[in-house]
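FYI, the numbering used here numbers position 359 of the sequence shown as 375, with every residue one higher than the one before it. All C-beta atoms, glycine included, are put in the ideal place defined by N, C-alpha and C. Source: prediction; values computed, not measured. Working notes for the structure below.
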Amino acid sequence: MPLKVLIVGGVAGGASAAARLRRLDETAEIIVFEKGEYISYANCGLPYYIGEVIKKKERLIVQTPENMRKRFNIDIRVNSEVISIDRKSKTVEVLDRSNNRIYTESYDRLILSPGAEPVKPRLGGVDSQRVFTLRDIPDTYRIKDFIDNSRPENAVIVGAGFIGLEMAENLHERGIRVTIVELSDHVMGPLDPDMAAFVHQYLRSKGISLYLKNGVSEFVPDGERIGVKLSDGRLLPADMVILAVGVRPNVKLAAAAGLKLGKSGGIAVDEFMQTSDPDIYAVGDAVEVQDFMGTVLKNVATGGRAASGEKAAAVDEASDNAATMRAEPGKEPGTEPGTEPVRTVLVPLAGPANKQGRIAADNICGRNVKYNGTQGTSIVKLFDMTVAQTGLNEKRLKEMGADYEKSFTYSLSHAGYYPGSTPMTIKLLFEKTDGTILGAQIVGYDGVDKRIDVIATAIRAGMTVFDLQELELSYAPPFSSAKDPVNIAGFVASNLLKGDVSIYHWDEIGDLDRTRALLLDVRTKAEFSLGTINGAVNIPLDELRERIGELPADKSIYVFCQVGLRGYIAARMLMGRGFASVKNLNGGYLVYNTIIQDKLASELMGADPAEGTGESESAGGMSFSGAAGRTEARSGDAENAGAGNGEKRAAVAETTDCGKPVDLED
Numbered sequence: 017m018p019l020k021v022l023i024v025g026g027v028a029g030g031a032s033a034a035a036r037l038r039r040l041d042e043t044a045e046i047i048v049f050e051k052g053e054y055i056s057y058a059n060c061g062l063p064y065y066i067g068e069v070i071k072k073k074e075r076l077i078v079q080t081p082e083n084m085r086k087r088f089n090i091d092i093r094v095n096s097e098v099i100s101i102d103r104k105s106k107t108v109e110v111l112d113r114s115n116n117r118i119y120t121e122s123y124d125r126l127i128l129s130p131g132a133e134p135v136k137p138r139l140g141g142v143d144s145q146r147v148f149t150l151r152d153i154p155d156t157y158r159i160k161d162f163i164d165n166s167r168p169e170n171a172v173i174v175g176a177g178f179i180g181l182e183m184a185e186n187l188h189e190r191g192i193r194v195t196i197v198e199l200s201d202h203v204m205g206p207l208d209p210d211m212a213a214f215v216h217q218y219l220r221s222k223g224i225s226l227y228l229k230n231g232v233s234e235f236v237p238d239g240e241r242i243g244v245k246l247s248d249g250r251l252l253p254a255d256m257v258i259l260a261v262g263v264r265p266n267v268k269l270a271a272a273a274g275l276k277l278g279k280s281g282g283i284a285v286d287e288f289m290q291t292s293d294p295d296i297y298a299v300g301d302a303v304e305v306q307d308f309m310g311t312v313l314k315n316v317a318t319g320g321r322a323a324s325g326e327k328a329a330a331v332d333e334a335s336d337n338a339a340t341m342r343a344e345p346g347k348e349p350g351t352e353p354g355t356e357p358v359r360t361v362l363v364p365l366a367g368p369a370n371k372q373g374r375i376a377a378d379n380i381c382g383r384n385v386k387y388n389g390t391q392g393t394s395i396v397k398l399f400d401m402t403v404a405q406t407g408l409n410e411k412r413l414k415e416m417g418a419d420y421e422k423s424f425t426y427s428l429s430h431a432g433y434y435p436g437s438t439p440m441t442i443k444l445l446f447e448k449t450d451g452t453i454l455g456a457q458i459v460g461y462d463g464v465d466k467r468i469d470v471i472a473t474a475i476r477a478g479m480t481v482f483d484l485q486e487l488e489l490s491y492a493p494p495f496s497s498a499k500d501p502v503n504i505a506g507f508v509a510s511n512l513l514k515g516d517v518s519i520y521h522w523d524e525i526g527d528l529d530r531t532r533a534l535l536l537d538v539r540t541k542a543e544f545s546l547g548t549i550n551g552a553v554n555i556p557l558d559e560l561r562e563r564i565g566e567l568p569a570d571k572s573i574y575v576f577c578q579v580g581l582r583g584y585i586a587a588r589m590l591m592g593r594g595f596a597s598v599k600n601l602n603g604g605y606l607v608y609n610t611i612i613q614d615k616l617a618s619e620l621m622g623a624d625p626a627e628g629t630g631e632s633e634s635a636g637g638m639s640f641s642g643a644a645g646r647t648e649a650r651s652g653d654a655e656n657a658g659a660g661n662g663e664k665r666a667a668v669a670e671t672t673d674c675g676k677p678v679d680l681e682d
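See below:
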């Protein structure tokens, strides 16, 4: 008798499961229930339709019910909401919204793909017609229709995650003045604050106002406008509000059916996407899955990988495979006797949802395929800037008690002598003993996607920073450099682990005992005159050998340059000349100045933290000249001062007198 599979929800996880099931089993009876009228659409593209980057709404539809019926012989029932599950009789109750009829459907296997729903805080005025959330196509049409018909001039976006930032760009591109309110001290939660500082300054340069470390207490309707009252009492006037404070897993149906929920509130599943009921699977934004990075750290802690020379050996998965054989369907991973609980996470991303749908279908068809966890690789476009991350950030590493180190590197997207190269900043996080890669964050303009994907793959393969040195990546002047930015990140991190240079971080500068420490700025005199760290002595790198006698032998020397390369060369020089205590500033003056200017932008605004400063042609680089007059950091940086968009590469390229990049990273 043919297998009967019911799927609750379409879009990414449910639709991919349905198509995969049909490819694997031509005889199965497959029914998909979708409570809306759209079975599969490009939800990640919704902000770009509002911004009119995507011109036709039809482009948002990935599959129509008619196409799926015709191609895959699947029974697609739109406007049909599954309202209950009877696990004992293996039936579901369905509300047909077109006629309000309720009927029952039986199943052999059930896949839940209910997705997530926007968090809508219970605040006064939140139900105003000028307050919007964005999750699906009807939401999109409502927002776009409002903009087209009402022509709003000011918008407040509450929340600075992916949706909030993408909406900020698209509303701005439609001529709307945008203000972002964010409860955290920085945008994009997965980023560390030091990398988010680059994003803050870029957003301000576009005229977007940022109210950080601030919440919303209520919305105040005011005729044709609406006021957004902040937690500090200020009132922001607006014509419209976008609520983008996150999503929560839609687990009502699963919870009512008695399925087990995880610690984070999502539907608990095992590595086969099976719930606590062996006949019910769950996929997508509603499920709580294994945290792949927790597994990486566990392997490091238990000696799951061992270093061999400079290159660490691959992770031995044999024991893991033996422990996760599918002996007992529906059992959560890590609950077997003698095993540690597996760390689980909620990751509402389209890529994992699609993979999970496919894996659930494979397992229903007897293929025993595991979902090995999510590492949370993500990317976002902000005007010309690209921001991406993978793996763990510093906050999570500290929470997990990891022993890690970090490096900052600055590279050009392709060869500097070929027109159009732009800078990128790479922050690499890695384990201190064997160099296992734990995370990466990249901010840049071109080629960021390629580099984050390479590092994400390296993390998935259990590679180390030493392995990054050896990667043979494609090279031609229009695409990369002979030493790719990923290679360079590997060189710098490897140097740290090998002890070639000691480093200090920007947040340690204020604690230095200046009676025992000397800050040495090895940039040019012109760079020094535009901005430096308070109390630093300037000896340009090319004069250092001749002037080395000016340095006190009884003090620790804290070297810095613009991005780290000249500081590294200077540190090696001083170490070779017998100086016992020499350190190089990790990330150079660029990271320090960017963070200080970001803090100044809040402090100098007084009661108005992080206000926008208007667009600037010179703000296309990786560092910006914010408010001046502070003794710690005078505004401006020589390698980007006055640079237009075509001169972005000057912000990061350590140069010779003729202006060509010096390839001396290692």
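Query raised in the report: Which of helix, strand or coil does DSSP assign to E447?
Result: Three-state result, E447: strand.
**Report entry** 7 Å Cβ shell around R359 - same chain, five flanking residues per side excluded
**Finding:** D307 and G310
Query - CA-to-CA distance, I453 to A474, given in whole angstroms - result: 8 Å
Query raised in the report: What's the C-alpha gap between S221 and E189?
Result: 14 Å
Report task. Flag this pair as yes or no: are the beta carbons of N548 and D537 separated by less than 8 Å? Result -> Reading off the sequence shown, one finds Thr at residue 548, where the question assumed Asn. Going by C-beta atoms, T548 is nearer than 8 Å to D537.
Query - DSSP three-state assignment for A498, whether helix, strand or coil - result: coil
Query - CB-CB length for Y297 against R125, believed under 8 Å - result: 7 Å
Query raised in the report: DSSP state of G460, grouped into three classes?
Result: strand
Report task. Kindly give me the distance between the Cβ atoms of V459 and F214, rounded to whole angstroms, as I take these residues to be in contact under 8 Å. Result -> 5 Å
Report task. Pair every Cβ in the segment 492 to 504 with every Cβ in the segment 556 to 572, then say whether three or more of these pairs are closer than 8 Å. Result -> no
Query raised in the report: Which of helix, strand or coil does DSSP assign to Y54?
Result: coil
Query raised in the report: How far does the alpha helix (DSSP H) with Q217 in it reach, from first residue to last?
Result: P209 to S221
Query raised in the report: Taking the alpha-carbon positions, what's the R563 to V575 distance?
Result: C-alpha separation (whole angstroms): 15 Å.
**Report entry** Distance, P137 Cα to A234 Cα
**Finding:** The amino acid at residue 234 is misidentified as Ala; the sequence shows Glu. About 10 Å.
Query raised in the report: By Cβ distance, which residues of its chain are closer than 6 Å to D295, with the 5 residues on each side in sequence left out?
Result: R125
Query raised in the report: Rounded to whole angstroms, how far is the Cβ of I283 from the Cβ of A302, which I believe are closer than 8 Å?
Result: 5 Å
Requested in this report: Using a threshold of 8 Å, state whether the C-beta atoms of G392 and H430 are closer than that.
Outcome: no
Query raised in the report: Would D210 be called buried (16 or more neighbouring beta carbons within 10 Å of its own) or exposed?
Result: Buried is the call here.
Query raised in the report: What is the DSSP secondary structure of R125, reduced to helix, strand or coil?
Result: strand
Report task. Measure the CB-CB distance between A509 and G603 and report whether it falls below 8 Å. Result -> no
Query - Length-filtered (4 minimum) alpha helix (DSSP H) runs lying within the segment 463 to 533 - result: 464 to 476, 481 to 486 and 501 to 514
Report task. Measure the CB-CB distance between R374 and R36 and report whether it falls below 8 Å. Result -> Against a cut-off of 8 Å, the Cβ pair of R36 and R374 comes out as a contact.
Query raised in the report: So what's L408 in DSSP terms, helix, strand or just coil?
Result: Residue state for L408 is assigned as coil, using DSSP reduced to three classes.
Query raised in the report: Between G478 and E421, what straight-line distance do the alpha-carbon atoms span, to the nearest angstrom?
Result: 17 Å
Report task. Identify whether E415 lies in helix, strand or coil by the three-state DSSP scheme. Result -> helix
Requested in this report: Quick one: residues in its chain with C-beta nearer than 6 Å to the C-beta of P368, no 5 flanking neighbours on either side, listed in chain order?
Outcome: T390
Requested in this report: Closer than 7 Å by C-beta to S292: which residues in its own chain qualify, once you throw out the five before and the five after it? Chain order, please.
Outcome: L275, K276, A284 and G346
Requested in this report: Taking only runs that begin and end inside the segment 245 to 301, name each unbroken beta strand (DSSP E) of 3 or more residues, in chain order.
Outcome: 251 to 254, 256 to 259, 263 to 265 and 296 to 298
**Report entry** CA-to-CA distance, M591 to M183, given in whole angstroms
**Finding:** 50 Å
**Report entry** Contact under 8 Å by Cβ, I77 with V147
**Finding:** no
Report task. Pick out whichever of K448, D238, K229 and P494 has its Cα sitting closest to the Cα of L246. Result -> K229
Query raised in the report: Taking the alpha-carbon positions, what's the L560 to Y520 distance?
Result: In a straight line, the C-alpha of L560 is about 21 Å away from that of Y520.
**Report entry** Any beta strand (DSSP E) of 3 or more consecutive residues that is wholly inside the segment 146 to 217
**Finding:** Taking only runs of at least 3 residues, the beta strand (DSSP E) segments lying wholly in the segment 146 to 217 are 147 to 149, 170 to 174 and 193 to 198.
Requested in this report: Would you mind sorting Y433 into buried or exposed? The rule is 16 or more other CB atoms within 10 Å of its CB.
Outcome: exposed
Query raised in the report: In or out: V361 buried (at least 16 other Cβ within 10 Å) or exposed?
Result: buried
Query raised in the report: Looking at the structure shown, is P368 part of a helix, part of a strand, or coil, going by DSSP?
Result: helix
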